[in-house]
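K.L.:
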Amino acid sequence: MEDSAAQDRIAPESASGAPEEAPDATPHRLHPMTLVQKVLVGIPALILILLPAIRSNDGGAWFNLALGAMYGLLVFPWTIIRYVRFRYGISPAEIVIRSGVTTVTRRNIPIDRVQNIEIEQGILQRVTGTARVSIFTAGSQSAEGVLDVVSLQEAHRVRETVQQFQKAAAAGGAVSASRRTAASAEPGAVSAELGAVSAGPGAFSAEGGAAARSQKAPGAIFESVDQPEIEPVFEMDMRRVILSGVFRFSMLYIAVFFSIFQYVEPDPEAIFDWFAGGRFEGLAEAAGESPFIVGLSVLFLAVLFAWLSGILVNLNRYYGFVLHAEGNKLHHRQGLLSRHTGTIPLRKVQAFIIRTNPLMRRFGWYRLEVQTMGFDVKERGHKVAVPFGRMDDVMRAANRLQQGLPHPDPGGVRVPELSPVSRLTIRRGFVRYAVAIVTLAGGIGYFWRPGLWLLSMLPLALVWAVLRYRGLGYGEDERWLYFRKGVVRQHTWLLPLERSQVFYRSASLFQRRLGLASVYVDAAGASAMRPAEGIDLPAGAAKELVDRAYARFQHIVTQPEPS
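If you use my numbering, the sequence shown corresponds to residues 5 to 567, in order.
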């Protein structure tokens, strides 16, 4: 069974009757460490199956032993067969990946559709010198093709080969006619060789692998293509990486920590005595007599643990972060235990998002994210260009990224002074929060009298409504729209008008009664959970904003692109 996009092809023959060859025509296997890594990954599942048999001596343990034996007899041979039958090849026109055991799938990914090739290295991959390659196209929400285990050198070769083919295609006349003929003939050669593999594992001989390694380097056909210079854009040293974690609180690991404690069931007194060495017996006795001290101590330890875990998470994620420009793409590299490299194609950039929080903003720190076309925001989030930097760093990276727009702003990217929304949004916000608090307090208080104390939160609802109003804002100029919202997590959207797909305004029943409206701007790759919107604008201002934005959009897109 084949992928719907895959087509069988027969390699065209040259005048001599032999199929024409082009670089990288021979199919490749995954790295032999695939087998080792798959076995290591499967061991925890096997231990989980055998654990009841190890801990118990009754007759029912034989069932788990039999289940573990079946697991080993089925999963491990299946892994070997999958490895033997997996093939991939690259031609100037497409990437072909053939996989499957009982169901054979051949996927053809056009070279010109490849948007990003990401290289990831987890802890196990770094130890074994291998990597995982994920191939994304402009219209995909997940990876179109994945090479699970290849050598790190091969991973970089795959990405560089695809980039070279794309550059040669963009260069047009830079490739000679004879080479273009070989390139056009190659897709059939790759598919034909991959099809031959279906006859059995022996079709891929050791001699074939040696021929693939000894063939001419793929980059040799691109001698006439100019290689762009590597331009550094942003990087983070160790001090800044640790500092970025200081402003991050990770509550997730607290939940994981307490979940593990439920299964381990340690003795808190024994742990405390072991940790403190008996030096805090008086404090422990005082804490035992006062529940207030116990609660305060638990809260302090939770905040401390969240703060320290945030530092460690950022250290692992952004260690050695480097962002550099090469031609029409930005490449980033990051990670301590798990290394990750990725690409941001400039022509796919749709919008910029500047994130911060009150503490970060107080000390002048910001984060720049890029909304790109072709990524699933729910699974992967927006692409991070500047994880933690000053506003100058953010603007420098944004100005480099906007060079991929059809009509870059000659004045550069900037964030002007934003206009406040209507003050009536305080009233609307307070009413919503008050209704929620009264409903919750009434429901709990009906069954449990102390629940009525929740009504004391009504003043806090008013304070939050005021803070929400101060966090909202909107602005515009000849080429951009700007929206800001958020209290604890503040987002500022910088939207190029020429990337916008829809301008619309809406007004609910309650907004219409107050003469308010909201403005929404949609672009490719936008998140439904975090839309770019201006909330509770005066109705007249909202209409004028949409009309002006659409008129400017029409003016920009009708202009010829700069050469």
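Quick reminder that beta carbons are idealized off the backbone N, C-alpha and C, glycines included. Keep in mind it's a predicted model, so treat the numbers as computed, not measured.
Do you know offhand how far alanine 555's Cα is from phenylalanine 140's?
P.N.:
Spanning the two alpha carbons is a distance of roughly 34 angstroms.
K.L.:
Less than 7 angstroms separating the beta-carbons of glutamine 406 and proline 412?
P.N.:
Yes, the Cβ-Cβ distance between glutamine 406 and proline 412 is below 7 angstroms.
K.L.:
Taking C-alpha atoms, which residue in Phe251, Arg351 and Thr345 lies nearest to glycine 314?
P.N.:
Residue Phe251 is the option with its Cα nearest to glycine 314.
K.L.:
Where in the segment 289-347 do unbroken runs of the beta strand (DSSP E), each at least 3 residues long, occur, reported from the N-terminal end onward?
P.N.:
Whole beta strand (DSSP E) segments, 3+ residues: 326-330 and 333-338.
K.L.:
DSSP state of glutamine 494, grouped into three classes?
P.N.:
Strand.
K.L.:
Have a look at arginine 474 and serine 426 and give me their C-alpha separation to the nearest angstrom.
P.N.:
Answer to the nearest angstrom: the Cα atoms are 10 angstroms apart.
K.L.:
Can the beta-carbon of glycine 490 be found closer than 7 angstroms to that of leucine 422?
P.N.:
No. Outside cutoff.
K.L.:
Between the beta-carbon of methionine 399 and the beta-carbon of valine 374, is there less than 7 angstroms?
P.N.:
The answer is no: Cβ separation not under 7 angstroms.
K.L.:
Do you know how far the Cα of phenylalanine 304 is from the Cα of lysine 382?
P.N.:
Low confidence applies to lysine 382: its pLDDT is 47, below 50, so where it sits in the model is not reliable, and the reading given next is rough at best. The alpha-carbon atoms of lysine 382 and phenylalanine 304 are separated by roughly 33 angstroms.
K.L.:
For threonine 38, is the classification buried or exposed, using 16 other Cβ atoms within 10 angstroms of its Cβ as the cut-off for buried?
P.N.:
Counting Cβ neighbours within 10 Å, threonine 38 comes out buried, since at least 16 surround it.
K.L.:
Using the C-alpha atoms, what's the distance from aspartate 116 back to glutamate 3?
P.N.:
Any question about residue 3 goes unanswered here, given that the chain covers just 5 to 567.
K.L.:
So, alanine 402 versus phenylalanine 356, is the Cβ gap smaller than 7 angstroms?
P.N.:
Yes, the Cβ-Cβ distance between alanine 402 and phenylalanine 356 is below 7 angstroms.
K.L.:
Answer with buried or exposed for threonine 106, where buried requires no fewer than 16 other C-beta atoms within 10 angstroms of its C-beta.
P.N.:
The residue in question, threonine 106, is exposed, as its Cβ has fewer than 16 Cβ neighbours within 10 Å.
K.L.:
DSSP beta-bridge partners for isoleucine 101?
P.N.:
According to DSSP, which records beta bridges pairwise, isoleucine 101 is partnered with Tyr92 and Arg111.
K.L.:
Under a Cβ-count criterion, where at least 16 other Cβ atoms within 10 Å of its own Cβ denotes burial, should histidine 335 be classed as buried or exposed?
P.N.:
Classification for histidine 335: buried.
K.L.:
Report yes if the C-beta distance between glutamate 502 and isoleucine 560 is below 7 angstroms; otherwise report no.
P.N.:
Taking 7 angstroms as the Cβ cut-off, glutamate 502 and isoleucine 560 qualify as a contacting pair.
K.L.:
Within a Cβ cutoff of 8 angstroms, which residues of the same chain sit near glycine 204, ignoring the five residues on either side of it in sequence?
P.N.:
Note that glycine 204 scores a pLDDT of 43, beneath 50, so its modelled location is shaky; the value from the coordinates is reported in the next line. Result list for glycine 204: empty, nothing under 8 angstroms.
K.L.:
Hey, out of Gln119, Val237 and Asp152, whose CA is closest to phenylalanine 169's CA?
P.N.:
Checked all of Gln119, Val237 and Asp152; the closest Cα to phenylalanine 169 is Gln119.
K.L.:
What is the rounded straight-line gap between the Cα of threonine 562 and the Cα of valine 245?
P.N.:
Roughly 44 angstroms between the two C-alpha positions.
K.L.:
Ignoring anything shorter than 3 residues or poking outside the segment 465-524, list the beta strand (DSSP E) runs there in chain order.
P.N.:
The segment 465-524 contains these whole beta strand (DSSP E) runs: 477-480, 484-489, 494-500 and 504-510.
K.L.:
Roughly how far, in whole angstroms, is the beta-carbon of glutamate 122 from the beta-carbon of serine 138, given that I think they are within contact range, below 8 angstroms?
P.N.:
Glutamate 122 to serine 138, Cβ: 5 angstroms. Contact.
K.L.:
By the DSSP assignment, the beta strand (DSSP E) with asparagine 120 in it spans what residues?
P.N.:
Per DSSP, asparagine 120 belongs to the beta strand (DSSP E) from 118-125.
K.L.:
With a threshold of 6 angstroms on Cβ separation, who are the neighbours of tryptophan 82 within its own chain once the five nearest residues in sequence on each side are excluded?
P.N.:
So the list is empty, once near-sequence residues are dropped.
K.L.:
Between the alpha carbons of aspartate 481 and valine 237, how many angstroms are there, rounded?
P.N.:
Cα to Cα, the separation comes out at about 26 angstroms.
K.L.:
Is alanine 70 helix, strand or coil by DSSP?
P.N.:
Helix, per DSSP.
K.L.:
My assumption, with CB atoms under 8 angstroms, is that aspartate 397 sits in contact with valine 390. Please give the rounded CB distance.
P.N.:
Going by Cβ atoms, the distance from aspartate 397 to valine 390 rounds to 6 angstroms, so yes, they are a contact pair.
K.L.:
Going by Cα to Cα distance, which pick from Ala173, Trp497, Arg110 and Leu78 is closest to alanine 97?
P.N.:
The shortest C-alpha separation from alanine 97 is found at Ala173.
K.L.:
Count the other CB atoms within 10 Å of the CB of glutamine 41; is the residue buried (16 or more) or exposed (fewer)?
P.N.:
Under this definition glutamine 41 is a buried residue.
K.L.:
For leucine 464 and valine 302, I'd like the C-alpha separation in whole angstroms.
P.N.:
About 24 angstroms.
K.L.:
Going by DSSP, what residue range makes up the beta strand (DSSP E) through leucine 541?
P.N.:
536-542 is the span of the beta strand (DSSP E), which, as asked, contains leucine 541.
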